[in-house]
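Enquirer:
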Amino acid sequence: MHRRDLLASGLALGLAPTLSLPSLRRARAQGPAPLRTHALSLLGEPSLPADFTHWPWVNPEAPKGGELALTALGSFDSFNPYILRGTPAVGLGNIYDTLLKESADEASTEYAHLAGVIEVPADRMGVAFELRPEARWHDGRPVTAEDVVFTFDALRTHGRPFYRAYWADVTDVVAEGPRRVVFRFRGNENRELALILGQLAVLPKHWWEGKDFSRPILDPPLGSGPYRIERFEPGRGITYRRVPEYWGRDLPTMRGTNNFDTMRYEYFRDTTVALEAFKAGQIDFRTENIAKDWATAYDFPAVRRGLVKRDEIRHELPTGMQAFAVNLRRSLFGDARVRRALIEVFDFEWMNANLFYGSYTRTQSYFSNSELASGGLPQGRELAILEGFRGRIPDPVFTEPYTLPVTDGSGNNREGARRALALLREAGWTVRERRLVNAQGQPFEFEILLNGPSFERVALPYVQWLQRLGMNPRVRTVDPAQYRVRMDAFDFDMTVGGAGQSLSPGNEQRDYWTCEKARQNGSQNVAGICDPVIDELVEQIITAPGREELVARTRALDRVLLWHNFMVPHWHIRTFRIAWWDKLDRPARNPRFNLALDSWWVDPSREGAVEQARQQQPAKTQTPTH
Numbered sequence: 000m001h002r003r004d005l006l007a008s009g010l011a012l013g014l015a016p017t018l019s020l021p022s023l024r025r026a027r028a029q030g031p032a033p034l035r036t037h038a039l040s041l042l043g044e045p046s047l048p049a050d051f052t053h054w055p056w057v058n059p060e061a062p063k064g065g066e067l068a069l070t071a072l073g074s075f076d077s078f079n080p081y082i083l084r085g086t087p088a089v090g091l092g093n094i095y096d097t098l099l100k101e102s103a104d105e106a107s108t109e110y111a112h113l114a115g116v117i118e119v120p121a122d123r124m125g126v127a128f129e130l131r132p133e134a135r136w137h138d139g140r141p142v143t144a145e146d147v148v149f150t151f152d153a154l155r156t157h158g159r160p161f162y163r164a165y166w167a168d169v170t171d172v173v174a175e176g177p178r179r180v181v182f183r184f185r186g187n188e189n190r191e192l193a194l195i196l197g198q199l200a201v202l203p204k205h206w207w208e209g210k211d212f213s214r215p216i217l218d219p220p221l222g223s224g225p226y227r228i229e230r231f232e233p234g235r236g237i238t239y240r241r242v243p244e245y246w247g248r249d250l251p252t253m254r255g256t257n258n259f260d261t262m263r264y265e266y267f268r269d270t271t272v273a274l275e276a277f278k279a280g281q282i283d284f285r286t287e288n289i290a291k292d293w294a295t296a297y298d299f300p301a302v303r304r305g306l307v308k309r310d311e312i313r314h315e316l317p318t319g320m321q322a323f324a325v326n327l328r329r330s331l332f333g334d335a336r337v338r339r340a341l342i343e344v345f346d347f348e349w350m351n352a353n354l355f356y357g358s359y360t361r362t363q364s365y366f367s368n369s370e371l372a373s374g375g376l377p378q379g380r381e382l383a384i385l386e387g388f389r390g391r392i393p394d395p396v397f398t399e400p401y402t403l404p405v406t407d408g409s410g411n412n413r414e415g416a417r418r419a420l421a422l423l424r425e426a427g428w429t430v431r432e433r434r435l436v437n438a439q440g441q442p443f444e445f446e447i448l449l450n451g452p453s454f455e456r457v458a459l460p461y462v463q464w465l466q467r468l469g470m471n472p473r474v475r476t477v478d479p480a481q482y483r484v485r486m487d488a489f490d491f492d493m494t495v496g497g498a499g500q501s502l503s504p505g506n507e508q509r510d511y512w513t514c515e516k517a518r519q520n521g522s523q524n525v526a527g528i529c530d531p532v533i534d535e536l537v538e539q540i541i542t543a544p545g546r547e548e549l550v551a552r553t554r555a556l557d558r559v560l561l562w563h564n565f566m567v568p569h570w571h572i573r574t575f576r577i578a579w580w581d582k583l584d585r586p587a588r589n590p591r592f593n594l595a596l597d598s599w600w601v602d603p604s605r606e607g608a609v610e611q612a613r614q615q616q617p618a619k620t621q622t623p624t625h
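Going by numbering that gives the first Met the number 0, the sequence shown opens with residue 0, and the numbers climb by one from there.
Here it is, written out as structure tokens:
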């Protein structure tokens, strides 16, 4: 589920010739030779040749050593991140290898990693991966094609619903020898499917045999990746240690990365406590997601002495959608006019000025900060796509640009309140004795579910604005573990939801928006969206034959989602806000689409001075979640 963070030379999946052959084996025997390559891309040719030695942004001579201490929120009780049950520990991806490695500097491009060769038949009805012969599990046994088959079957059978949606067009997976694994596809229109399979983190079949994959575990699992679990205490912390004999340490996809001897994650009950731990020197690195803290909380002695550094790093990632998402499974939110009323009273301008120090941009699209976002009136190919659904989508799609209300920022959003009340009256709601009720006299009341106190400062003003309409909203804050359980069961009225996006949307859209996933616990269709038109548009996106068509189809989906008013859009920022203790060093530049913390390192010349200064810091008065 990290694609959205998503060909040798010369393979662009969308440009491959199309033939009609039933399988990879027959393609090799009867048809044009398959393309054998070191990389896959959806957007053109990969920028790096087959003989590249390291990622362009890394320091290939970065020193190894030292510790990186990071924070996590809540607790954990499992080392199986692939199932619904349990709360997995952070950082588990460090112990596994994926078939391919995604480039953080190229959109939708992946390079050979655990698999040394990628083979795509001329008809694009599948993909084969040939594993590197030197690949080894931490116990010394080779990584095999049977391990890949086991992993795929285990995740599709017992894993989170996401995987079944993500891999729905895979019909078969076969080990053709000890190091060659073949995936066969339902058709050849799903252009990103080979890249999706390249993201598969491979698990050891021999270690999992005899264990119930559907249950949480706390036995440190066997991996093949650059780190292994060294020690842990459930709910309190976990430490990973670099594997000196890691088989892939000299691969071009790994050189200059994974430089820390240990990575330690400390768990905290909330972000305020975590920030205090960072200021006290217990944590080395922090990303800051709270605008108020970024503006006011970093004027402390270590910053003034130059021991703590700060930076804002611009990125080119699509920022997707963050929003107050209603649960459409509740009849209360079934009317689009009611949902628009919830949007009308949300005063972003007041919040941005008073809570966020003017640092955010209002989110106007489910694909914000990208060419995929709709805007204005539909034109050209996008309009033609939408015409095919005329009468099945809101009529204003064709006549009005979708816009969000803009206020003067004073906090007196009277016009928004008037528009909201008018919409609510149209939907059958009236105000009686200062209470908004329906024809049966039932009040308009609901709960906003949050997974920590940091968002209360946003939710509580919103509650006050809704109360002016006669509604009775409540805020309930629970710990992250309880929040996950409730979200997996869709046990909420309203929450903070949305969807992250990549520059190449595809199969994951099924999990976000479709009817099937609205009914499936644990899916990412948080809002419970179910509309046949949206289902059709999702499939059109998945089967888009090229980039221009993908953009047009995605804009059409975006526009339809917006006009249904499923969510109350929030805001986004186009930078990473980071702070770190000055024992850390980093490459000269950052890649375009990722923070790439795995390419940082500890500077031995500064480590001693920083550690000495830390010991002089005042003792932290608040403690982790112990």
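Glycine residues also receive a C-beta, built at the ideal position from the N, C-alpha and C atoms.
DSSP on tyrosine 264, reduced to helix/strand/coil?
Expert: strand
Enquirer: Which first and last residues belong to the alpha helix (DSSP H) in which glutamine 539 is found?
Expert: 531 to 541
Enquirer: Are three or more beta carbon pairs between the stretch 128 to 139 and the stretch 107 to 117 nearer than 8 angstroms?
Expert: yes
Enquirer: By how many angstroms is the C-alpha of glutamate 343 removed from the C-alpha of alanine 324?
Expert: 14 angstroms
Enquirer: Using the rule of at least 16 other Cβ atoms within 10 Å of the residue's Cβ for burial, across every protein chain shown, is glutamine 441 buried or exposed?
Expert: exposed
Enquirer: Tell me the DSSP secondary structure of lysine 582 in three-state form.
Expert: For lysine 582, the secondary structure class from DSSP, reduced to helix, strand or coil, is coil.
Enquirer: Determine whether the beta carbon atoms of proline 203 and aspartate 146 lie at a separation below 8 angstroms.
Expert: In this structure, the beta-carbon distance from proline 203 to aspartate 146 falls below 8 angstroms.
Enquirer: Within a Cβ cutoff of 6 angstroms, which residues of the same chain sit near arginine 613, ignoring the five residues on either side of it in sequence?
Expert: Gly280
Enquirer: In angstroms, rounded to a whole number, what distance separates the CA positions of serine 364 and methionine 320?
Expert: For serine 364 and methionine 320, the distance between alpha carbons rounds to 7 angstroms.
Enquirer: Closest to alanine 555 by C-alpha separation, out of Pro568, Phe184, Arg230, Glu535, would be which residue?
Expert: Glu535
Enquirer: Using 8 angstroms for Cβ pairs, my map puts valine 474 next to isoleucine 447. What's the rounded Cβ distance?
Expert: 5 angstroms
Enquirer: Out of Val181, His137, Val169, point me to the one whose CA is closest to proline 243's CA.
Expert: His137
Enquirer: Secondary structure at aspartate 152, three-state DSSP: helix, strand or coil?
Expert: Residue state for aspartate 152 is assigned as helix, using DSSP reduced to three classes.
Enquirer: Less than 8 angstroms separating the beta-carbons of serine 213 and histidine 157?
Expert: yes
Enquirer: For leucine 18, I'd like the list of residues in its chain whose CB is within less than 7 angstroms of its CB, leaving aside the five on either flank, ordered along the chain.
Expert: Its pLDDT being 30, under 50, leucine 18 is placed unreliably in this model, and the coordinates cannot settle the point.
Enquirer: Per DSSP, what are the beta-bridge partners of valine 302 in this structure?
Expert: Secondary-structure assignment with DSSP links valine 302 through no beta bridge to anything.
Enquirer: Kindly indicate which three-state DSSP category tyrosine 165 falls into: helix, strand or coil?
Expert: helix
Enquirer: What's the gap between the Cα of histidine 569 and the Cα of aspartate 310?
Expert: 24 angstroms
Enquirer: Pick helix, strand or coil for alanine 498, following the three-state DSSP scheme.
Expert: Strand.
Enquirer: Using DSSP with H/G/I as helix, E/B as strand and the rest coil, what is tyrosine 81?
Expert: coil
Enquirer: Please confirm whether tyrosine 264 and glycine 234 have their CB atoms less than 8 angstroms apart.
Expert: Against a cut-off of 8 angstroms, the Cβ pair of glycine 234 and tyrosine 264 comes out as no contact.
Enquirer: Thinking C-alpha only, which one of Val172, Ser369, Ala68, Phe565 is nearest threonine 150?
Expert: Val172
Enquirer: Any idea which residues DSSP pairs proline 442 with across the strands?
Expert: Per DSSP, the beta bridge partners of proline 442 are Val436.
Enquirer: CB asparagine 326 to CB methionine 566, shorter than 8 angstroms?
Expert: Asparagine 326 is not a Cβ neighbour of methionine 566, given a cutoff of 8 angstroms.
Enquirer: Let me check understanding here. Comparing Cα to Cα, which of Leu596, Arg605, Gln611 lies closest to leucine 69?
Expert: Leu596
Enquirer: Is methionine 350 helix, strand or coil when you go by DSSP?
Expert: helix
Enquirer: Return the chain-ordered list of same chain residues with a C-beta closer than 6 angstroms to the C-beta of leucine 10, the five sequence neighbours on each side being excluded.
Expert: Caution is warranted here: a pLDDT of 29 is assigned to leucine 10, below 50, making its placement in the model unreliable, and the coordinate value is therefore given only provisionally. Leu34, Thr36.
Enquirer: Helix, strand or coil for tyrosine 226 per DSSP?
Expert: strand
Enquirer: Suppose the cutoff is 8 angstroms on Cβ atoms and the five residues either side in sequence are ignored; what does the same chain contact list for arginine 27 look like?
Expert: For arginine 27, the pLDDT reaches just 49, beneath the cut-off of 50, and the residue's location in the model is therefore unreliable, leaving the point undetermined.
Enquirer: Cα-Cα, which of Ser409, Asp510, Phe345, Val430 is closest to glutamine 463?
Expert: Phe345
Enquirer: Cβ atoms of valine 430 and glycine 469: under 8 angstroms apart, would you say?
Expert: yes
Enquirer: Near glycine 221, which residues of its chain fall below 7 angstroms by C-beta distance, leaving aside the five closest residues on each side in sequence?
Expert: Reading the sequence as shown, one finds leucine at residue 221 and not glycine. So the list reads Trp136, His137, Asp138, Pro203, Trp206, once near-sequence residues are dropped.
Enquirer: Mark leucine 23 as exposed unless 16 or more other C-beta atoms lie within 10 angstroms of its C-beta, in which case mark it buried.
Expert: Interpretation of leucine 23 is limited by its pLDDT of 45, a score under 50 that renders its predicted location unreliable; the figure taken from the coordinates is listed afterwards. Classification for leucine 23: buried.
Enquirer: Which of helix, strand or coil does DSSP assign to proline 220?
Expert: coil
Enquirer: For the alpha helix (DSSP H) that threonine 295 lies in, which residues bound it at each end?
Expert: 290 to 295
Enquirer: May I have the straight-line CA-CA distance separating arginine 546 from glutamate 507, to the nearest angstrom?
Expert: 17 angstroms
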